[in-house]
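Enquirer: Here's a structure for you.
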Amino acid sequence: MKPAISQVCSLDSPWDKDVADYAAGACRAIEVWLGKLEGWLQTHSVDEALSVLDEHEMATPVASYQGGLLISQGEARREHWEHFARRLKLCHRLGIGTLVLAGDLMGPLTEQDVDRARQSLGQAARQAGEAGVRLALEFQSRATLGNNLQTAALLAEETGEANLGICFDVFHYYTGPSKFEDLAYLSGDNLFHVQLCDLAGQLRETAADADRVLPGDGDFQLAPLLSRFRELGYDGYVSLELMNPRIWKIPARQFGEVAAIALRNLLVSPP
């Protein structure tokens, strides 16, 4: 498994600066935060972005995240899908092989909503495949449907699209209704990406993204999960994803050094 750091960990840092700072901290792969990149591209070109990445020898294996595709309707649906198409082109240009798709099925759902979500998943996977990009469906612990690993894996499998797999976010696994036996639904074929964090001193029912901390600083049992990923032969990227405003105040270079060490130590530990 290979380490990466999500740019959301340094949300207040400019896109190009955190690439440079993470590289200085010996991080060689980032999970691109698309909102940050798109903001930077308002005054820069894609060629400039490629130059920044080349200069710092930074890989961009995955990007986060695409929402709004599953049950939106009318004008909102058109806007989300047009945005998705632009992002697929951007991912292709930057060599981003995997795009995280949010399982944002929130609120009361009708049977029609569920059918629409299933159809949208298949459509999105096919469209991404045409652009040479894989989609990794992220189950979200607060979702109405698809709030656990089992359901997310079944939804992905139902599409019959090999281009659609799972993004395993440890935060959503532990704060939602997923169970350890649900790990059986993962395979070497459907596990596309892993996101790590930890949680300290918080009730899982009330934990928020802002409570995420560095792996090893909290209460999550990470070793059994990493052991399972090794059993599957997963050799993809494992990214650190922290949406913690307190961490955003840490300079990106300083954070990148600490995060890279924490990730490497965790991933090289014996199962």
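Residues 0 to 270, numbered by numbering that gives the first Met the number 0, are exactly what the sequence shown covers, in order.
Beta carbons are placed, not taken as given, at the ideal position from N, Cα and C, and that holds for glycine.
Nothing here was measured: the structure is a model prediction, and the numbers come from that model.
1) Which same chain residues end up closer than 7 Å to Pro13 when comparing Cβ atoms and leaving out the 5 residues on each side of it in sequence?
2) Would DSSP call Lys178 helix, strand or coil?
3) Leaving out five residues before and five after Asp11 in sequence, what residues of the same chain have Cβ atoms less than 6 Å from its Cβ?
4) Are the segment 16 to 23 and the segment 50 to 67 touching by the rule of at least three beta carbon pairs closer than 8 Å?
5) Specify whether the segment 29 to 44 and the segment 256 to 267 touch according to this definition: at least 3 beta carbon pairs, one from each stretch, less than 8 Å apart.
6) Within the continuous alpha helix (DSSP H) that includes Tyr21, where are the two ends?
7) Going by the CB atoms, is the gap between Gly164 and Asn146 shorter than 8 Å?
8) What's the call for Thr42, buried or exposed, on a 16-neighbour Cβ count within 10 Å?
9) Which same chain residues, not among the five before or five after Phe167, have their C-beta less than 6 Å away from its C-beta?
10) Where does Leu262 sit, in a helix, a strand or coil, going by DSSP?
11) For Pro250, name the three-state secondary structure that DSSP assigns.
12) Where in the segment 32 to 69 do unbroken runs of the beta strand (DSSP E), each at least 3 residues long, occur, reported from the N-terminal end onward?
13) Cβ of Leu198 within 8 Å of Cβ of Asp218?
14) In the segment 212 to 250, which residue ranges form an unbroken alpha helix (DSSP H) of at least 4 residues, counting only runs that do not cross its ends?
15) On a Cα-Cα basis, can you pick out the residue from Met105, Gly73, Leu69 and Val132 that is closest to Thr97?
16) How is Ala28 classed by DSSP in three states: helix, strand or coil?
17) Is it buried or exposed, Thr161, if we count other Cβ atoms within 10 angstroms and call 16 or more buried?
18) Within the continuous alpha helix (DSSP H) that includes Arg77, where are the two ends?
19) Do Ala258 and Cys8 count as a contact pair if the criterion is CB distance below 8 Å?
20) So, at 8 Å on beta carbons, what are the nonlocal neighbours of Phe179 in its own chain, with the 5 sequence-adjacent residues on each side left out?
Expert: With the given structure in hand:
1) Trp39
2) Correct three-state label for Lys178: coil.
3) Trp247
4) yes
5) The count of Cβ pairs closer than 8 Å, one atom from the segment 29 to 44 and one from the segment 256 to 267, stays below three, leaving the stretches out of contact.
6) Trp14 to Ala23
7) Going by C-beta atoms, Asn146 is not nearer than 8 Å to Gly164.
8) exposed
9) Cβ within range, chain order: Val193.
10) helix
11) coil
12) 58 to 65
13) Yes, the pair counts as a contact, with Cβ atoms nearer than the cut-off.
14) 221 to 230 and 244 to 247
15) Val132
16) strand
17) The sequence shown places Ala at residue 161, not Thr. Counting Cβ neighbours within 10 Å, Ala161 comes out exposed, since fewer than 16 surround it.
18) Gly73 to Leu93
19) yes
20) Pro223
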